[in-house]
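Just remember that our numbering sits 21 ahead of the position in the sequence shown, which is counted from 1.
Glycine included, every Cβ here is placed at the ideal spot set by N, Cα and C.
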Amino acid sequence: MSITKDQILEAFAEMSVMEVVELIEAMEEKFGVSAAAAVVAGGAGEGAAAEEKTEFDVVLTSHGDNKVAVIKALRGATGLGLKEAKGMAESAPVAVKEGISKEEAEALVKDLEAAGAAVEIK
């Protein structure tokens with residue numbers, strides 16, 4: 022007797038979260054795989070291995086209307102002197118920080134946008 026994919030999904034729908042976690046762990050052990058590796062391998066059909074990005078660059082695209090506030094935010098985020106931060110603000114688009122964590126990048130973007138800057142995460 023063969024079980025269909027729909028029957029398996031229906032059985033999953035009736036399970037508690039803990040039961041699903043235990044089932045995944047049992048499948049990982051039985052087949053010698055990791056669920057995380059299966060997700061990455063599943064995206065490989067599109068040409069390249071789908072790896073989660075861990076390093077981000079924050080790019081200032083414009084200082085906006087409040088250049089002074091943006092310069093202050095740049096100084097606070099980078100430790101640059103006034104002249105260097107002013108030069109950075111005026112030379113947009115420019116990388117503010119490179120190779121930082123997602124959380125740090127999001128916090129930096131939030132601070133710079135609050136000061137009036139246009140910013141991108143790459």
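As assigned by DSSP and simplified to three states, the class of residue i
i      : result
Val79  : strand
Ala136 : coil
Glu73  : coil
Glu141 : strand
Val54  : coil
Ala34  : helix
Ile24  : coil
Buried/exposed call for residue i, threshold 16 Cβ in 10 Å
i      : result
Met109 : buried
Ile92  : buried
Ala116 : exposed
Ala32  : exposed
Val79  : buried
Phe77  : buried
Own chain partners of residue i with C-beta closer than 7 Å, once the 5 adjacent residues on each side are dropped
i      : result
Ala113 : Leu81, Thr82, Ser83 and His84
Glu105 : none
Lys88  : Ala110
Contacts around residue i, its chain only, beta-carbon distance under 6 Å, and the 5 residues preceding and following it disregarded
i      : result
Ala98  : Leu129
Lys107 : Ile92
Chain-order list of residues whose beta-carbon lies under 8 Å from that of residue i (same chain, five-residue window excluded)
i      : result
Met36  : Leu44
Leu133 : Val79, Leu81, Val91, Ala94, Leu95, Ala98, Val117 and Val140
Worksheet item: Fully enclosed by the segment 78–125, which alpha helix (DSSP H) runs are 4 residues long or longer?
Response: 88–99 and 103–111
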